[in-house]
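So for the sequence shown, our numbering puts the first residue at 2; every next one is plus one.
C-beta: ideal position from N, C-alpha, C; glycine also.
Read through the structure below, which is laid out as structure tokens, and then see the notes.
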Amino acid sequence: MKKNAETYLIRGGRIIDPAEGIDDNLDIMIADGKIEDVGKGLDAKTAMVIDSKGMIVAPGLVDMHTHLREPGREDEETVATGAAAAIAGGFTTISAMPNTDPAIDGPGRIKALKEIIKKDAAANVVIIGAITKLRAGIELANFKAMKAEGVPAVSDDGSSVDDNAVMEKALKAAAGEGLIVIAHCEDIKLSQKGVVNKGFISTKMGLRGISKESEYIRVSRDIELAKKTGAALHIAHVSCAESVDIIRKARRSGTKVTAETCPHYFSLTDACCATYDANTKMNPPLRSKEDVEAIRAGLADGTIDAIVTDHAPHTDSEKDVEFDFAPFGIIGLETALSLSIMELVDTKVLTFGELIRKLSFNPAKILGIKKGSLKKGMTADIVVIDPAKEYAYTKDSVKSISKNSPFIGWTLKGKAVRVFVNGHPNPTYEVG
Ligand SMILES: [Zn+2]
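Pasting the structure below:
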């Protein structure tokens, strides 16, 4: 990553830094890649001034759930294109999930991926290791060796660890190494071969449904095992009301569990799937209106700590098939911020400060990485957001190789207009 020797003064923006309890009109001075000062009326000296009146200036967004597809499916996304999409969306740090081909299940694979990141990524990339070798759910990966390579968390995301005993062993080992376990919660015996939320819509469409039980029964199991082992458990992509309730109760009783959801789970319902557009097919699936309300309530009361993208690129040729046969997943790095502003801040579910907390500070805190704050001396990872900017989200504008988004054609509101990564500025479009 290039360090920028130049100095910049971000002047007159509304600085929101939940870590420091700041929500005020201030200036930020950036020098040698770090935040040198935050305060009122800072002297520009030789710094390049970036006028940010009317803008929100926040710590760079941190995505703790990103699928980059490299190695193995570089036709869908690469580290380089995923990082470019991240920056366009205001994310300065993303987390590469290990379900690549081959899976990132040991120190050798991590080292190889680190080389690609060092060479190609314009954003920070955190590597998540697999829970089990080849993500096969049988034998634990070498947690100690992966931890030594700097991995903060393990996950078999894409699949749940099906065997109770293997999951218990994984949580115990992760606790011993100080690793977080990110759990994709799905009982495939309950969801097997389903393609859309089980209910009225699946019946109407004549497609097999994925029950909510397949998710929340597994959420329960993983929480019980985390309680027993003392492990730090993080529940991935919560999609239904029952999961929110179970996590809320567990937290109230003192269990060390955190949770995330994705913008599509608070923006869309399974009614969208009735068009048979494969870009509305994801796992877990879009649920009912009641579930959307429960996800919003879970975000509002703090049960759900983080908003993540679950950015899952698939090419047109993969998605342009019958709903049944299309792969699960949508891209999300370039739409997460706008959808969160529109669906959560504009609707008064969250304040802007609370939103920044869930998109930056909390994911950084869960992963235990030094990100998500504008404190003096921190690496200058910053996003400048125009909260009122309206723009058409078109296929041509997408930085990802894959264009699989149900939001293409939407007019979105609230955009990252400038992003600093390690003090290096990346204008996403020219301001003013
Ligand atoms: Zn998953």
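Non-local beta-carbon contacts of isoleucine 305 in its own chain, meaning distances under 8 Å to residues more than five positions away in sequence, involve Val239, Val245, Ile248, Ala260, Glu261, Thr262, Ile296, Gly299 and Lys359 in chain order. According to the DSSP assignment, lysine 145 belongs to the alpha helix (DSSP H) that extends over 144 to 149.
DSSP places tyrosine 266 inside the alpha helix (DSSP H), whose first and last residues are 264 to 268.
Counted as a single uninterrupted DSSP element, the beta strand (DSSP E) harbouring aspartate 64 occupies residues 62 to 67. For ligand 1, no non-hydrogen atom lies closer than 6 Å to the CB of aspartate 52. For histidine 315, the Cβ stays outside the 6 Å cut-off from all heavy atoms of ligand 1.
Residue range 49 to 52 is occupied by the beta strand (DSSP E) that includes aspartate 52. In this chain, the alpha helix (DSSP H) harbouring arginine 252 covers 242 to 253. If you ignore the 5 residues before and after asparagine 280, its C-beta comes within less than 7 Å of the C-beta of Lys320, Ile331, Asn405, Ser406 and Pro407, all in its own chain and listed in chain order. Per DSSP, reduced to three states, the secondary structure at leucine 287 is coil, with no helix or strand assignment. The three-state secondary structure of isoleucine 111, taken from DSSP, is helix. Phenylalanine 421 is bridged by DSSP to Ile383 and Pro426.
Close CB contacts of proline 103 within its chain, under the 8 Å cut and outside five residues either way in sequence, are with Pro72, Gly73, Arg110 and Leu135 (chain order). For leucine 413, the secondary structure class from DSSP, reduced to helix, strand or coil, is strand. According to the DSSP assignment, threonine 82 belongs to the alpha helix (DSSP H) that extends over 80 to 89. For ligand 1, the residues with a Cβ under 6 Å from any of its heavy atoms are, in chain order, Asp158, Gly159, His185, Ala237 and His238. Shown here, asparagine 165 sits in a helix according to DSSP, grouped into three states.
Contact check between the segment 387 to 395 and the segment 408 to 420: three or more CB pairs, one atom from each, fall below 8 Å, which counts as touching. Counting of Cβ neighbours within 10 angstroms places alanine 124 among the buried residues, the total reaching 16 or more. Scanning Glu225, Asn100 and Lys376 for the CA closest to the CA of valine 39 turns up Lys376.
About 26 Å separates the CB atoms of lysine 229 and serine 212; that is not less than 8 Å, and the two are not in contact. As for any alpha helix (DSSP H) of minimum length 4 sitting wholly inside the segment 294 to 325, the runs are 317 to 320, ordered along the chain. Of the candidates Glu214, His235 and Ser215, His235 places its Cα closest to the Cα of isoleucine 224. Rounded to whole angstroms, leucine 62 and valine 196 show a C-alpha spacing of 31 Å. Shown here, aspartate 188 sits in coil according to DSSP, grouped into three states, outside any helix or strand.
The beta carbons of leucine 340 and methionine 65 sit no closer together than 7 Å. Nearest in C-alpha terms to aspartate 311, of all of Ile132, Glu150 and Phe329, is Phe329. At a Cβ-Cβ threshold of 7 Å, valine 162 and isoleucine 128 do not count as neighbours. Using a 10 angstroms sphere on the CB of glutamate 169, the tally of other CB atoms reaches 16 or more, which defines it as buried. Beta-bridge annotation (DSSP): tyrosine 9 is paired with Ile31 and Met49. Under the three-state reduction of DSSP output, threonine 93 falls in the strand class.
Excluding its 5 nearest sequence neighbours in each direction, lysine 173 has C-beta neighbours in its own chain below 6 Å: Thr230, listed in chain order.
In this structure, DSSP gives aspartate 121 a helical state, which the three-state scheme calls helix.
About 6 Å separates the beta carbon of asparagine 423 from that of threonine 380, a gap short enough to meet the 8 Å contact definition. Taking the Cβ atoms as the reference, glycine 107 lies roughly 7 Å from alanine 146, within the contact range of under 8 Å.
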